[in-house]
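To keep things clear, I will list the structure first and then write my remarks on it.
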Amino acid sequence: MFAYILRRFILWVPSVLLVMLAVYALAFYGAGDPIKLIFLRAPGDVAYDPAKIEAIRDQAGLNRPFIVQFGGYIWNLLQGNFGNSLVSGRSVWAMVKAAAPVSFQLGLCAILVTAIVAIPLGMIAGLRQNSRLDYIILGTAVALWAIPAYVAGPLLMVLLLAVLPDGSVPYGWGGIFSVKVLLPLIVLSFQPIALILRQTRAAVIEVMSEDYVRTARAKGVPELVVALRHILRPVLTPVVTQLGLIMITIVNGAIFVELVFGLPGLGRLTVSALTNSDFPVILAITLIGSFLVMLSNLLVDLLYPLLDPRAADAKGAR
Amino acid sequence: MDNKMTPRGAGLTRRGMMKLGLGSVVAVAALGPGARIVMAQEGQILKAINPAFSQDWSPLRGGGVPYRWNSVWNASAMYFNENGEIQPYVLTEWAPNADFTVWTFKLNPAATFSDGSAITAEDVKGSWELSAMPATKNQRIDQVLANVDGYAAVKDGAATDIPGIAVTDAATITVTLTGPDPIFYMRLANHIAPIVKVSQARGADGNEVLDFFRPENGGVTSGPFMLTAIDLDAGTLAFAPNPHFFGTAPKLAGIEITAVEDNVTATEMLKSGEYQAHTELVTSTMVQDLGAEFAGGPTIPTSQHFWFNAARAPMDDPKVREALILAIDRDGLIKASFPDGPHQKTDSVMNSVPGADDAAFVPFPFDPERAKALLAESSYGGPEKLPKILFVGISSPANEAAAQYIAEQWRQNLGITAVDMKPQQDQYAGPDQNAVQIFRDDVGTRVPDAPSYLAGSIASGSGNAQGKMGGYKNDAVDAKVAEALTKPVDDPARVTLAQEAQRLFRDDFMFIPWYKQTMSRWATANVSGMEKNLDWQIVAPWAISIA
C-alpha cells in the first residue's frame, strides 16, 4: 500500500512541474503584467509612468529572464517558500493556508451531503423505475440540475434577506459547524446531487438485469438485502469515481458560491489572482489544485478494493 | 411509567407551556428594543460593506478600493471639504515665495498620533518620501509631488531622499519646486500621501515596512479612528475612535467594514438595514433600490467621456469625428445610461472647477443631417467605407448602455453598422492603443483648478492625449494651458486662459462628452456626515452619526 502511494506521488511530481512551467510561461508571456495592471486598472487620473513602473518591476525581480525567475521560484518552493503576492506583498503561503481549508471543508461536506441524499434517492428511483415516485425524484433532479449556482445563490440570499430579521442572514465563514455553511452547502450540492442521483439510478437499472440479481431474487433473498448487498455495491464503484471528480471541481472552483456567500476560499482567491496576474498566487493555487487532484484520485483508488475485491486483485497484478 | 421517561421537573403541562410562550413573547418584546437602546447608549457602530476582499490596506497606495477609507484612520496635510474649500489639518499655514517655486508650511502643534506622540516635520517629509518610493506602488503620488525638486530620482528608484523637501525646524517644512506652481498647496490637500509615523512605517532601506499599520504590529495612526482588528481572509476590519486624535472627537463608537462582493447581496443587505454604508456601489438601479439620498452627493472635478484616437482610421479625418459627434442625441445618452442620476450630463471636458461654466463654450449640437453631410464629405465618402469602430472600456452596465446607445444612434443617423465593444481597457496600453478608435475613460483632478484639469486631460503631455487620443497635440491648446498654470490663483487669467484652451480643443472634435461625476455618499438616509470630497474621501469622519 505504502509503495503504491509513493509511486503515485513520484509520478505526480514531474506532471505538476510541467503544469507549473506552463502556467508560469502563460503568466510571463501573456498580456497581464501585475505592476502595469495596478496602474492601468485604476481610473483615468492615475499617471502611467513607464520609468516608475520599470523601477517597481526591477525591485520585484520581474525584469530577470523567464528561466531565472521560474528557477528561483522552484528553488524557493523546495525550501517551503511560496513567495509573496506581487500585488499585496502578503505571504502567499499565508493566503493559501487561510483559503484552502475553507474550500476543502466545504467540498468534503458537499460531497457527504451529495452522497447521503443522492445515492439512496437514486437507488429508490432505479428500483421503482417508471413509477410516480421515480418521476418525482427524476423531475426534481432535472430541476436542480437546471439551476446554476450563480442563479441559486443570489436568489436564496435575496429570499433570506427578505424573510429573516436583521443580522441573522448567513454570510461569511464561521467554520464548518456554523449555521452560515448551510446555504452555500445546499447551493453547492444542487448539481452534484442531480448528477449522482441520475448516475445511481441508471446503474441500478443496469445492475437489476444482471443474472446474479435475478438468481438472488429466485432464491427468495429479501428485496432489501438484494438492493443493499447485490445491487448497491457494484453501483457504488462508478459513483465513487464521479464523487471524486466532483470533489475536485468543488474545492477548486466554487467561485460563484464563494462570491455570493462571502466565503474566503480558493475559488475567490483564484479569481483575484487571475484578475491581477499575481503569478506567485496563481502558481501556489495550481500546486494545491494539482495536489488535490492527485489526492482525490488516490483516495478513490484506495476505495475501489473496499467496494469491489476484483479491483484489489487488479491493483496487485500491476 | 411516564414519570420515569421524563426527568423530574422537565415535564411541562399545557398551561406551563402557554405561560412559557407568553413569557418569551413578553421578554423578546421588552428586552429586544431594550437591547438596542443599550447599544445606542454605548455608542453607534457604522456597518459598511466593501465590494472586495482587498488584500492590501496600506494607507500609502494612493488608490484602489481601501483608499476610499483613508480619511477615516489617517490624517493628511490638508483636505478639501465637500464644497471644494481647503481646510488645515496636520499643516495649518502655507505661504509661497514671490515666484511660487518655494513653499513654506507650518505644522499643527497639537497634531499627534494615536499613541500620543507628536506628529513631527520629519514624519511629514518621511511620509511623502515613502509614498514616492517605487516599491510603495502609490498610484497617484505624481499628482502631489511631481514638481518637487528631487522627486524624479526617488520615484525612479535612484534615491531615497527628496532634497526639495526640507525640515527647516521642528514645526516648519520648506518645499522647493522645479518650476513655479501657484497651486502647489492644493496638491497636498488629499489622502494620496497621508501622514504616517515614519519611525514605524519606513525601514532602513527607505521602503515601507510590510504591514506596519496592523494592530498586532502596534500600528499607529493619525486620523480620527484607529484600526483595531483586521482579517484579510474574512474580509473584515474594525475601527475604534483614536483617543489621541487632535481634531474633533468622533461621534461614532466604531466602524466595521465587511467584504461583500456580490452587488445584489450588498444591495439587499443595505435595504434590510443590516448595513448602512458602502465603499462604492455602482449599479444601474442604485437610485431605485436605495433612494436618491444614498446615491446623492456633490459633483466633483471628474468627468467621463468617449475619447477619439486620432491616430487610427477613421478618426484620422476630422470630418468623420465631427459627424460621429453630431449624430448623437446626448440628452438621450444620459437618459440611457443614468436615467435616475446621480451623474449629470456635461458638454465640456472640465467640470466642477472654477471656470467650468463658460458661457462662450458652444456645446456640440445634435444635428443628424449635418452629420450625414459631413460623413459624405469626408475622405471615406460614407458609412460603407468606414473601418469597424472598436470601443474599449465598456466594463459596466452603465458603460454598456451608453456605448450601445451611441452605436444605435450611428446606425440610425449615419448608417454605420460595424461597431464592436470590449471591456478590457488595460489590454490596450502602450503601442496596442493604436488598435482602438474609442476609449471610454474619466479625466479629472484632485484640485479645484481649471488649468490642472486640462493639463491632465487635453494637453499634449497628458497620458490621456498621448495614449487614448493617439498622440493628440494642438500647440495653441498647449500654450494656453501652460500659461494658465503659471498664473496666481486669484488672477482671472488663470481661468480665462483655460476656458480658451477648452474652446480650441472643442473645435478639434476629439471626444463625445458624457457626464460629470457625482461623488455619492453611498450611505443610507439615516446616516449623516458621510459627505465626500473631490479626493473621494469622507470629509469629516468624526461627524458621522446614525439617526
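Order-wise, the sequence lines are chains S and G. Its first residue numbered 1, the first sequence is counted upward by one per residue in our numbering. Its first residue numbered 1001, the second sequence is counted upward by one per residue in our numbering. Just so you know, even glycine gets a beta-carbon here, dropped at the ideal spot from N, CA and C.
Cα-Cα separation between residue i and residue j, rounded to whole angstroms
i, j, result
"I176 of chain S", "L1145 of chain G", "50 angstroms"
"A1171 of chain G", "L1107 of chain G", "5 angstroms"
"S1528 of chain G", "E1293 of chain G", "10 angstroms"
"W1128 of chain G", "N1074 of chain G", "14 angstroms"
"Q1041 of chain G", "L159 of chain S", "Note that Q1041 of chain G scores 41 on pLDDT, short of 50, meaning its location in the model is unreliable; the coordinates nonetheless yield the value given after this. Each residue's Cα considered, the two are about 33 angstroms apart."
"T1136 of chain G", "L155 of chain S", "41 angstroms"
"T1486 of chain G", "P1182 of chain G", "7 angstroms"
"L62 of chain S", "P1066 of chain G", "26 angstroms"
"V1124 of chain G", "N1242 of chain G", "19 angstroms"
"A1523 of chain G", "G172 of chain S", "22 angstroms"
"T1178 of chain G", "P1096 of chain G", "14 angstroms"
"V1539 of chain G", "A1450 of chain G", "22 angstroms"
"A100 of chain S", "G72 of chain S", "24 angstroms"
"V1038 of chain G", "A1077 of chain G", "Confidence at V1038 of chain G is low in this model, with a pLDDT of 36, below 50, so its placement is unreliable and the value that follows should be read with caution. Each residue's Cα considered, the two are about 38 angstroms apart."
"V1209 of chain G", "A1455 of chain G", "34 angstroms"
"C109 of chain S", "G1471 of chain G", "57 angstroms"
"L1281 of chain G", "G1164 of chain G", "40 angstroms"
"A146 of chain S", "S103 of chain S", "24 angstroms"
"F1100 of chain G", "A25 of chain S", "51 angstroms"
"I186 of chain S", "P1541 of chain G", "41 angstroms"
9 angstroms Cβ cutoff met for residue i and residue j
i, j, result
"K180 of chain S", "P170 of chain S", "yes"
"K1251 of chain G", "S1222 of chain G", "no"
"M1133 of chain G", "T1160 of chain G", "yes"
"R1321 of chain G", "A1310 of chain G", "yes"
"F1511 of chain G", "F1366 of chain G", "no"
"F1225 of chain G", "G1219 of chain G", "no"
"Q1517 of chain G", "N1070 of chain G", "no"
"A203 of chain S", "L144 of chain S", "no"
Cut-off 7 angstroms between Cβ atoms - residues of its own chain near residue i, not counting five sequence neighbours on either side
i, result
"A1407 of chain G", "V1419"
"M95 of chain S", "S85, L269 and V281"
"I1334 of chain G", "K1345 and Y1515"
"A1027 of chain G", "With a pLDDT of only 47 at A1027 of chain G, under 50, the local geometry of the prediction cannot be trusted, and the value read off the model is given with reservation. Excluding sequence neighbours, A1027 of chain G sits near nothing in its chain."
"H230 of chain S", "Y212, V213 and A216"
"V235 of chain S", "T200, A203, V204 and V207"
"Q1288 of chain G", "D1340"
Reduced DSSP category for residue i - H, G, I as helix; E, B as strand; rest coil
i, result
"M1133 of chain G", "coil"
"N84 of chain S", "strand"
"W1073 of chain G", "helix"
"I282 of chain S", "helix"
"V13 of chain S", "helix"
"G289 of chain S", "helix"
"Q59 of chain S", "helix"
"G1332 of chain G", "helix"
"R1503 of chain G", "helix"
"M1078 of chain G", "strand"
"F1509 of chain G", "coil"
"T1236 of chain G", "strand"
"I119 of chain S", "helix"
"M95 of chain S", "helix"
Closer than 8 angstroms: residue i CB and nearest the ligand COA heavy atom
i, result
"I1394 of chain G", "Although the ligand COA was asked about, the structure shown includes no ligands whatsoever."
Nonlocal neighbours in the same chain, by C-beta distance under 6 angstroms from residue i, ignoring five residues either side
i, result
"A273 of chain S", "V281 and I282"
"G1444 of chain G", "P1301 and T1302"
"G1393 of chain G", "Q1425, F1439, R1440 and D1441"
"R201 of chain S", "G122, A125 and G126"
"K1422 of chain G", "V1392"
"A284 of chain S", "F82, V92 and V96"
"Y1089 of chain G", "A1075, S1076, M1078 and Y1079"
"N1050 of chain G", "I1257, A1259 and T1279"
"E1093 of chain G", "K1106"
"E1082 of chain G", "P1298, E1531, N1533 and V1539"
Neighbourhood of residue i by C-beta, 8 angstroms cutoff - its chain only, sequence neighbours within 5 removed
i, result
"D1205 of chain G", "T1160"
What are the complete beta strand (DSSP E) segments, minimum 3 residues, inside the segment 1334-1362 of chain G? Qualifying beta strand (DSSP E) stretches: none in this window.
Output the residue ranges of the beta strand (DSSP E) runs that lie fully inside the segment 1084-1114 of chain G and measure 3 residues or longer, sorted by chain position.
1086-1088, 1091-1096 and 1102-1107
message: To test your reading of the DSSP string, which unbroken alpha helix (DSSP H) runs of 4 or more residues are found completely within the segment 1251-1276 of chain G?
response: 1263-1272
* To do: Report the residue ranges of all alpha helix (DSSP H) runs contained in full by the segment 195-250 of chain S; include only those spanning at least 4 residues, in chain order.
  => List check, alpha helix (DSSP H) in window: 211-218.
- Task: Identify every run of the beta strand (DSSP E) within the segment 1357-1415 of chain G, keeping only runs that are complete inside it and at least 3 residues long; order them along the chain.
- Result: 1389-1392
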